[in-house]
Amino acid sequence: MAFSTDAFSRRQLLWGGASIAAALALPGCSSGGGTDTPKGSAGGGDPWKQFTGTTINFISENTSPSAAIAANLAPFEQLTGITVKVQQMELDKVVEKCKLDFSSGTAQNHVIYADPYQILAPMADGLADLRPLLDSGNYPGVEGGLDDFISTQLQATGTFIDDKKVFALPYDAPTMIMHYRRDLFEKYGDRARADLGFDPTPSDAMTWQQYLAVARWFNQNARKDVKYGIGAQAKQHDSLQCDFSNVLWAFGGDYFEKGQSLGLRGSDDPGAVTVGSAAGVAAATFYRELLSAAHPSSTTWDWTGLADAFVAGEIAMCPNWHEFAAGEEKAFPGKVGYALLPKGPSRRAHIFGGTGIGINANAKGDELGAAWLFVNWATSPQTQLMSLGSKVGGGTPTRTSVYGLPEVKAEEGRSPSKFPNIRTAQTVLKAWQPENIGLRPKVSQWVELDTIIFTELSKMLTQNADPAATMAAIQQQMQKAMQ
Amino acid sequence: MSVGISKAPPATAVAPSPADRRPRRTRRRRPPRGLKTFEFAMMAPALTLLSVLSWIPFVILVAMSFAKVRTLGGVSLTFTGLDNWTAVLGDPAVWASWWRSLIYFVSIVALEMLLGLGAALVLHRLLRGRSLVLSIVLLPMFLAPVMVGLLGRFMLDSTIGLYAQLLQAAGLDADLLASPATALPVVASIDVWQWTPLVALILLAGLSSVPPSTLEAATVDGAGYFRTLVSITLPQMRPIILVALLVRSMDAIRYFDIVTATTNGGPADATKIIPLKLYEYAFRFNNQLGKAAVLGLTMLAFSIVLARLFLRFFGERTAGPTQGGDA
Numbered sequence: 001m002a003f004s005t006d007a008f009s010r011r012q013l014l015w016g017g018a019s020i021a022a023a024l025a026l027p028g029c030s031s032g033g034g035t036d037t038p039k040g041s042a043g044g045g046d047p048w049k050q051f052t053g054t055t056i057n058f059i060s061e062n063t064s065p066s067a068a069i070a071a072n073l074a075p076f077e078q079l080t081g082i083t084v085k086v087q088q089m090e091l092d093k094v095v096e097k098c099k100l101d102f103s104s105g106t107a108q109n110h111v112i113y114a115d116p117y118q119i120l121a122p123m124a125d126g127l128a129d130l131r132p133l134l135d136s137g138n139y140p141g142v143e144g145g146l147d148d149f150i151s152t153q154l155q156a157t158g159t160f161i162d163d164k165k166v167f168a169l170p171y172d173a174p175t176m177i178m179h180y181r182r183d184l185f186e187k188y189g190d191r192a193r194a195d196l197g198f199d200p201t202p203s204d205a206m207t208w209q210q211y212l213a214v215a216r217w218f219n220q221n222a223r224k225d226v227k228y229g230i231g232a233q234a235k236q237h238d239s240l241q242c243d244f245s246n247v248l249w250a251f252g253g254d255y256f257e258k259g260q261s262l263g264l265r266g267s268d269d270p271g272a273v274t275v276g277s278a279a280g281v282a283a284a285t286f287y288r289e290l291l292s293a294a295h296p297s298s299t300t301w302d303w304t305g306l307a308d309a310f311v312a313g314e315i316a317m318c319p320n321w322h323e324f325a326a327g328e329e330k331a332f333p334g335k336v337g338y339a340l341l342p343k344g345p346s347r348r349a350h351i352f353g354g355t356g357i358g359i360n361a362n363a364k365g366d367e368l369g370a371a372w373l374f375v376n377w378a379t380s381p382q383t384q385l386m387s388l389g390s391k392v393g394g395g396t397p398t399r400t401s402v403y404g405l406p407e408v409k410a411e412e413g414r415s416p417s418k419f420p421n422i423r424t425a426q427t428v429l430k431a432w433q434p435e436n437i438g439l440r441p442k443v444s445q446w447v448e449l450d451t452i453i454f455t456e457l458s459k460m461l462t463q464n465a466d467p468a469a470t471m472a473a474i475q476q477q478m479q480k481a482m483q
Numbered sequence: 001m002s003v004g005i006s007k008a009p010p011a012t013a014v015a016p017s018p019a020d021r022r023p024r025r026t027r028r029r030r031p032p033r034g035l036k037t038f039e040f041a042m043m044a045p046a047l048t049l050l051s052v053l054s055w056i057p058f059v060i061l062v063a064m065s066f067a068k069v070r071t072l073g074g075v076s077l078t079f080t081g082l083d084n085w086t087a088v089l090g091d092p093a094v095w096a097s098w099w100r101s102l103i104y105f106v107s108i109v110a111l112e113m114l115l116g117l118g119a120a121l122v123l124h125r126l127l128r129g130r131s132l133v134l135s136i137v138l139l140p141m142f143l144a145p146v147m148v149g150l151l152g153r154f155m156l157d158s159t160i161g162l163y164a165q166l167l168q169a170a171g172l173d174a175d176l177l178a179s180p181a182t183a184l185p186v187v188a189s190i191d192v193w194q195w196t197p198l199v200a201l202i203l204l205a206g207l208s209s210v211p212p213s214t215l216e217a218a219t220v221d222g223a224g225y226f227r228t229l230v231s232i233t234l235p236q237m238r239p240i241i242l243v244a245l246l247v248r249s250m251d252a253i254r255y256f257d258i259v260t261a262t263t264n265g266g267p268a269d270a271t272k273i274i275p276l277k278l279y280e281y282a283f284r285f286n287n288q289l290g291k292a293a294v295l296g297l298t299m300l301a302f303s304i305v306l307a308r309l310f311l312r313f314f315g316e317r318t319a320g321p322t323q324g325g326d327a
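Those sequence lines, one after another, are chains A and B.
Counting along the first sequence from 1, when you hit position 42 you're at 42 in the UniProt record's numbering, and nothing is skipped either side.
Counting along the second sequence from 1, when you hit position 59 you're at 59 in the UniProt record's numbering, and nothing is skipped either side.
Encoded structure:
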């Protein structure tokens, strides 16, 4: 037997390996085209049953509405024969998984909790346009039509730049309002009023300066019942940007020249960055002062940490998402009040954190059809009513028709109530009015901008940095990120 | 029928002298200058697998570091030259993050090695109940790091945390995770709590392998405990110390879970070490995988340099019979 004596040098071997690797690495793939409208073969003509036997995955932030849906999937599974697996996690992780899923060209997750700022705007290409599904005769119609959704919420959570496309249907509508311990204000209200010269109970009339004064009064006079007057969600996290934005807008500042108009449809041309304006600096100066009076652990709390602290009786009041009301009603039945956020020199603003649910553009065939049936069902009035009364929390409806139901109206003033979140209804309905709503700019770079904002604010709060320098740093970094 | 085979030594054989019995420093045989085709063919399956697992990702990573990468709607790389490199290497936040990573790395590896050695020495001297104590000591390392992070966060939470309440009872009201000065030491402590047992386990194995006769000889020569430890035990444990160092170092460079679960990089970026920065570029920000690739490559270079350093300090003098080759 003879062996060849031809030889490869180590260098040749390495080059060969690298060339093979490069050749394998370079090819791209493309996808595109409109959304299909598949028709299932099962169910014997019942449009809800046509995808019986299909299994789909729903990925969501760990919010109350998703907890309620996950706990009550049986009606959907009975109605359609479709199995739904719900995964809930922190929003950061949802964003990461969606990015990987969309990029892979597959649909590991079919139904997506499409946060308008962190998923819809930066990854709109990864979501299916729902318009063909809405218009198709293959499926049951959306009850009440799109007009039944609160229109600003449909625009803010469902569209991006192109109004003709709908990427998601409004699913939840958390909005920041004031949560306060009514029992504490009943006990200390008269004394505080006498000392401060105004009604300390949070109301439409309260200003941010008064809010700060009440916080300090509680810190000095009510330690026996509550550790601190106020708390904040000032962890280096999205929550810090949300908390600060309420103050920024109230003081007349905004992130971009085009301001609030960017929050509905979004834009790829938001105008100049304006956060470093005089109004922005005034807002940052006030916010730092506010945090100096807040519970010292505020810089470690996101919205959940703040809600836990409120429920544990650590603070007397705080701005937080209204959907935390259900947990608070359990801890202090009938003792929690809700009000609009304080006014600033310019306006009052309540940041809107609502989200829609959409479908992964990579979903095809029966999975796409099943996903659409689930989106339709999960945002329907009946499901929203179920969610409102869920024992695991639930959300508040994104459908106007649900607020008009007699059984819902009857519960608005009750505590304990079978629909605990509806106790916030009067307040959030006012907060959603155009002059009161606070909308973040819906631009594809938002996650990076958000990170810049909360990181610099965190430095300001924990290292006592100068507010003007902080806002200048945010302005400069945002400009760089937008280039 | 049996055939007798003579086992007599050849006439030229002579008994080895005492000097010949000493282990000789042997010259390493030079490898052949090229690989023969047959040998290459035999290695091809393994080389293919190796290239799939390491070369392809590496080449992709290098390509990405010189490109703007889009993944939605199909992967596309647009060549941008050195833009990513200059952007990342010119970013003061990245250097600040590297500095924090170094502080973190040195502190946890040093603490884990020292505490691990201490625990191993104590366990080694335990005659009764060693298995039970060892099982208890090892418990933290069986937990998932993200669980350990959450545990730390909850224990230190000012509202519900047991440690926070104990600290408050002792007069320390400050929230340890709220201050940039204390957040990194706390996060490092959580890591030390989880991974010191692993170092202890590795070093305990090393201690058990030191020949008792050597230790007895040292005792007979009058060496005390610490002299024996420093002059006999630790030098004999150099290879096993190297293993512990490499295992923990490679892990520490990639440390992510506990920081994410406790502080998410805050407050004021005080705990934002390089892996978190990489995660931000890769998974949070839009179309910045190129910058993530640059950070990944710098982490790789750092790991290689570090491993070489450890090998130089702890590996060279470990040459034993197995390293002498077959000459």
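Built from N, CA and C at the ideal position, the CB exists for glycine as well.
Alpha carbon to alpha carbon, what distance is there between residue j and residue i?
i	j	result
residue 199 of chain A	residue 67 of chain A	38 Å
residue 437 of chain A	residue 241 of chain A	16 Å
residue 260 of chain A	residue 434 of chain A	10 Å
residue 180 of chain A	residue 226 of chain A	12 Å
residue 85 of chain A	residue 387 of chain A	18 Å
residue 299 of chain B	residue 373 of chain A	46 Å
residue 474 of chain A	residue 118 of chain A	19 Å
residue 295 of chain A	residue 264 of chain A	34 Å
residue 32 of chain A	residue 154 of chain A	With a pLDDT of 44 at residue 32 of chain A, under the threshold of 50, the modelled position of this residue cannot be trusted, and the question is left open.
residue 30 of chain A	residue 73 of chain B	Note on residue 30 of chain A: pLDDT 38, under 50, position unreliable in the model; no value is reported.
residue 444 of chain A	residue 334 of chain A	42 Å
So is residue i buried or exposed if we call it buried at 16+ other beta carbons inside 10 Å?
i	result
residue 148 of chain A	buried
residue 146 of chain B	exposed
residue 137 of chain A	exposed
residue 118 of chain B	exposed
residue 135 of chain A	exposed
residue 321 of chain A	buried
residue 406 of chain A	exposed
Residue i touches chain A at which residues, Cβ-Cβ below 8 Å?
i	result
residue 175 of chain B	296, 297, 299, 300
residue 269 of chain B	236, 455, 458, 459
residue 296 of chain B	Per Cβ cutoff of 8 Å: no residues; residue 296 of chain B is ~15 Å from chain A at best.
Put residue i into one of helix, strand or coil per three-state DSSP.
i	result
residue 452 of chain A	helix
residue 272 of chain A	coil
residue 110 of chain A	coil
residue 202 of chain A	coil
residue 311 of chain A	helix
residue 255 of chain B	coil
residue 348 of chain A	coil
residue 248 of chain B	helix
residue 19 of chain B	Because the pLDDT of residue 19 of chain B is 46, which lies under 50, any placement of that residue in the model is unreliable, and the question is left without a value.
residue 238 of chain A	helix
residue 72 of chain A	coil
residue 358 of chain A	strand
residue 172 of chain B	coil
Mind pulling the chain A residues with CB within less than 7 Å of residue i?
i	result
residue 280 of chain B	451
residue 265 of chain B	236
Quick one: list the residues of chain B neighbouring residue i, beta-carbon separation under 7 Å, in chain order.
i	result
residue 309 of chain A	159
residue 99 of chain A	283
residue 123 of chain A	72
residue 314 of chain A	159
I want to verify the contact list: residues of chain B whose CB lies under 8 Å from the CB of residue i, in sequence order.
i	result
residue 220 of chain A	Within chain B, no residue comes near residue 220 of chain A; the closest Cβ sits about 17 Å away, beyond 8 Å.
residue 463 of chain A	180, 268
residue 95 of chain A	283, 284
For the segment 319-343 of chain A, which residues have a beta carbon sitting closer than 9 Å to at least one beta carbon of chain B? none
So if I threshold CB-CB distances at 8 Å, which residues from the segment 102-130 of chain A count as touching chain B? 102, 103, 105, 122, 123, 125, 126
Return the residues of the segment 232-257 of chain A that lie within a Cβ-Cβ distance of less than 8 Å from chain B, sorted by chain order. 235, 236, 237
Near-chain A residues of the segment 74-95 of chain B (beta-carbon distance less than 7 Å), N- to C-terminal order: 74, 75, 76
May I ask you to list, following chain order, the residues of the segment 430-445 of chain A that have a beta carbon less than 8 Å from some beta carbon of chain B? 444, 445
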